[in-house]
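Those protein sequence lines, which keep their order, are chains A and B.
Letter by letter, the first sequence follows residues 73 to 369 in my numbering.
Letter by letter, the second sequence follows residues 4 to 190 in my numbering.
Quick reminder that beta carbons are idealized off the backbone N, C-alpha and C, glycines included.
Bear in mind the structure is a predicted one, so any value in this text is a computation, not a measurement.
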Amino acid sequence: MRQLTLIAPAAAIAVLLAGNVMAEVPYRQTTPIIDYGAQPHVSDDRKHTGTYEHWKDRAKLNRDRVNSATEQWTTNWKFMDEPYNDTLHGGHEAEDRGRQLFTQLNQNGSFAACLGAKEGDLTGLRANHYPQFNRELGKVVNLEMMIEHCASKQGSTLMHGSYDNSAISVYVATYSNGMPINIDVSQGELKAAFERGKERFHLRTGRLNMGCASCHVSLPGQFLRGQGLTTHYGDAAHWPTYRTKNEMQSLHVRFTECNRNGGTQPLQIGAKPYVDIEVFLNALSNGYPVAVPSARD
Amino acid sequence: MRKLILPILIASALSTPMAGCASDGTNKQASALPSDTLVKEQFAVKTAWPYPKENSGEIEYRAHGRNLTQWITLSYDDTRSSQRPTQVTFNGPLKGDAERGKKIATTTQIGNCVACHTIPGAVQTGTAGPSLAGFAKRGLPEQLVYQIIYDPRVIYGEQTVMPPFGAFNNLNEQEIHDVMAYLNTFQ
């Protein structure tokens, strides 16, 4: 009896503590959020890492800087894209595959129309139409989600994040090549998504308590295991991209990789936090020209 | 205060049927896992990643090197809490094994200190944290070093980028001792 009464309160304390944690607002940490303004532009990087001058004009990238181990990060690694690597890489193969698949799906023009093309013209879809709030689906969608959705209407499986989905996305994006990213996050659903994405980007998660911003806001210019970290401005204009480890990656696939690198359990491709982060990163690429097919280390 | 809390404790103990473990052996953490996490039950580690296999409209899921499901995710449905900054006491004397410490500090899925710190003899080290070369010569108190590795937020403030290895259940007491023994070899 003695023993029982002693143990009971101890067990009760443990249960109450566990119960409390669940009932309370969960404890969360975010990294410091810099001022992004209501309608960000890629040149705002001037107030952040100050490297914008070195990569704003891809044609004028400084070769010495690109080849410098310590200063390469200031070129934002865009040298991996054209014109510095104009050899035939996996991104070009994906583009060809994308053209074939698109032509098959678009025999009667309904696929392009479903993606939002006016009179079958794909020009600018990638640069200024996505991500976008979709009334039919009742949520913010990116180009890859719409490719999956529009293909499924014809009975085709093209999962967001799959090679073939990315191939079509690259092909569609070629019609925006050179056009500046233009997404309005100053109002409505996209503003809400932008605000949520900003919060998610700075939220610390996982076994190492790291947010996206731990690496991309606090540490640009530093090296992690020999890999240099660059600014998060201008990150969204060259996706999907061919990774030189021979993997055709959509932006969300990259997010799952970065999550794993930071010790956080990844989400499913197309999960709402990823879409919101994509809106956030797209806004930080406003004014930066689309460049596909791209290749990245 | 005491008197008020105790009856409540007992009442809640009676009304909370074994919140900790479900009958199927999964724990509370696992059942609280949000539905939009990329988890595949067929993998022992649960944590999966998407591989876009060539010329296919489907994704191939592969197992990650480690089960990450016990820590909070980016999901909006994740209601779990993070561990708050936690103060600890070093229980000396140091009982670490430097060889084990080396493995912990240089292996990606364990301590991975080398990702951020220069460690003597390691290649491809990081610059996010200060170099640990010559660390032993600096004579930092063991209590301080143990606290830094267990939870550096207590020393450097909440915004430090160094992860809380002990407080976040990455390294146990013995493993931190092992890492400390390894750091002590950096003359």
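Same chain, Cβ closer than 6 angstroms to residue i, five either side skipped, listed in chain order
i: Met218 of chain A; result: Leu187
i: Gln146 of chain B; result: Phe93
i: Ser238 of chain A; result: Pro312, Met320, Ser322
i: Leu275 of chain A; result: Thr102, Gly283
i: Phe138 of chain B; result: Leu186, Phe189
Residues near residue i in its chain [Cβ-Cβ closer than 7 angstroms; skip 5 each side]
i: Asn354 of chain A; result: Pro203, Ile253, Ile255, Ala308
i: His120 of chain A; result: Ile106, Thr303, Tyr305
i: Phe151 of chain A; result: Leu133, Val138
i: Pro338 of chain A; result: Thr328, Asn331, Arg332
is_contact[residue i, chain A] using C-beta, thresh 9 angstroms
i: Ile75 of chain B; result: yes
i: Asn175 of chain B; result: no
i: Phe46 of chain B; result: no
i: Leu41 of chain B; result: yes
i: Pro166 of chain B; result: yes
i: Val182 of chain B; result: no
i: Thr188 of chain B; result: no
i: Ala25 of chain B; result: Reliability fails at Ala25 of chain B, whose pLDDT of 34 lies under 50, so the model's placement of it is uncertain and the value that follows must be treated cautiously. False, the Cβ-Cβ gap to chain A never drops below 9 angstroms.
i: Ala101 of chain B; result: no
i: Val126 of chain B; result: yes
i: Thr50 of chain B; result: yes
i: Asn115 of chain B; result: yes
i: Thr89 of chain B; result: no
i: Thr110 of chain B; result: no
i: Asn30 of chain B; result: Unreliable positioning characterises Asn30 of chain B in this predicted model, as indicated by a pLDDT of 40, which lies under 50. The coordinate reading is nonetheless provided below. Not one chain A Cβ lies under 9 angstroms of Asn30 of chain B.
9 angstroms Cβ cutoff, residue i in contact with chain B
i: Gln321 of chain A; result: yes
i: Leu275 of chain A; result: yes
i: Ala367 of chain A; result: no
i: Arg118 of chain A; result: no
i: Met217 of chain A; result: no
i: Asn331 of chain A; result: yes
i: Arg169 of chain A; result: yes
i: Gly203 of chain A; result: The amino acid occupying residue 203 of chain A in the given sequence is Pro; Gly does not appear at that position. Judged by the 9 angstroms Cβ criterion, Pro203 of chain A is not in contact with chain B.
i: Met152 of chain A; result: no
i: Ile349 of chain A; result: yes
i: Ala355 of chain A; result: no
i: Ala223 of chain A; result: yes
Where residue i meets chain B, residues with beta-carbon distance less than 7 angstroms
i: Ile253 of chain A; result: Result: empty, since nearest Cβ-Cβ is about 23 angstroms, beyond 7 angstroms.
i: Val138 of chain A; result: Within chain B, no residue comes near Val138 of chain A; the closest Cβ sits about 20 angstroms away, beyond 7 angstroms.
i: Pro104 of chain A; result: Gln162
Spatial neighbours of residue i in its chain, beta-carbon cut-off 8 angstroms, leaving aside the 5 residues before and after
i: Gly129 of chain B; result: Val117, Ala118, Cys119, His120, Thr121
i: Asn249 of chain A; result: Pro361, Val362, Ala363, Val364
i: Gln150 of chain B; result: Gln90, Val91, Phe93, Val157, Ile158
i: Ala367 of chain A; result: Met152, Asp153, Asn157, His161, Gly162, Gly163, Thr313, Tyr314, Arg315, Thr316
Among the options, the one whose alpha carbon lies nearest that of residue i
i: Ala170 of chain B; options: B:Arg156, B:Met183, B:Gly60; result: B:Arg156
i: Asp100 of chain B; options: B:Phe189, B:Val182, B:Gln190; result: B:Val182
i: Thr188 of chain B; options: B:Gly104, B:Thr40, B:Gly95; result: B:Gly104
i: His310 of chain A; options: A:Pro98, A:Pro112, A:Gly163; result: A:Gly163
i: Thr142 of chain A; options: A:Gly293, A:Asn318, A:Ala367; result: A:Gly293
i: Phe266 of chain A; options: A:Ala367, A:Thr328, A:Arg198, A:Ile349; result: A:Ile349
i: Asn172 of chain B; options: A:Gly278, A:Leu262, A:Gln337; result: A:Gly278
i: Ser182 of chain A; options: A:Ala223, A:Asp117, A:Ala110; result: A:Ala223
i: Ala131 of chain B; options: A:Val289, A:Gln172, A:Arg118, A:Gly122; result: A:Val289
i: Ala199 of chain A; options: A:Val244, A:Glu271, A:Gly335, A:Asn148; result: A:Val244
i: Phe352 of chain A; options: A:Val257, A:Ser286, A:Arg326; result: A:Val257
i: Val126 of chain B; options: B:Thr109, B:Pro133, B:Asn70, B:Gly142; result: B:Thr109
i: Tyr108 of chain A; options: A:Lys344, A:Glu271, A:Arg100; result: A:Glu271
i: Asn70 of chain B; options: B:Glu102, B:Val164, B:Glu44, B:Lys140; result: B:Glu44
Contact set between residue i and chain A, taken where Cβ atoms lie within less than 7 angstroms
i: Tyr79 of chain B; result: Lys344, Pro345
i: Cys119 of chain B; result: Leu296
i: Glu161 of chain B; result: Gln101
Beta-carbon neighbours of residue i, restricted to chain C and to distances below 9 angstroms
i: Lys56 of chain B; result: Structure shown: chain C not included; protein chains present are A and B.
Contact list for residue i against chain B, beta-carbon separation under 9 angstroms
i: Ser238 of chain A; result: Pro55
i: Ser228 of chain A; result: Gly60
i: Thr371 of chain A; result: Given that chain A is displayed from residue 73 to residue 369, the structure contains no residue 371 of chain A and the question cannot be resolved.
Within chain B, partners of residue i - CB distance below 8 angstroms
i: Gln340 of chain A; result: Asp39, Thr40, Leu41
i: Gly278 of chain A; result: Leu71, Trp74, Ile75, Thr76
i: Asn281 of chain A; result: Ser85, Pro166, Pro167, Phe171
i: Thr328 of chain A; result: Leu41, Trp52, Pro53
i: Val325 of chain A; result: Pro53, Pro55
Contact list for residue i against chain A, beta-carbon separation under 9 angstroms
i: Arg65 of chain B; result: Chain A residues near Arg65 of chain B: none, gap ~11 angstroms exceeds 9 angstroms.
Chain-ordered neighbours of residue i on chain A, where CB pairs are closer than 8 angstroms
i: Gly129 of chain B; result: Gln294, Phe295, Leu296, Arg297, Gly298
Heavy atom of the ligand ZN within 8 angstroms of residue i beta-carbon
i: Glu350 of chain A; result: Only the bare structure without any ligand can be found here, which leaves the ligand ZN out of the picture.
Review point. Can you list, in chain order, the residues of the segment 286 to 298 of chain A whose Cβ is nearer than 7 angstroms to any Cβ on chain B?
Key: Ser286, Ser290, Leu291, Gln294, Phe295, Leu296, Arg297, Gly298
Point to revise | Contacting positions in the segment 256 to 275 of chain A - beta carbon closer than 7 angstroms to chain B | key: Arg272, Leu275
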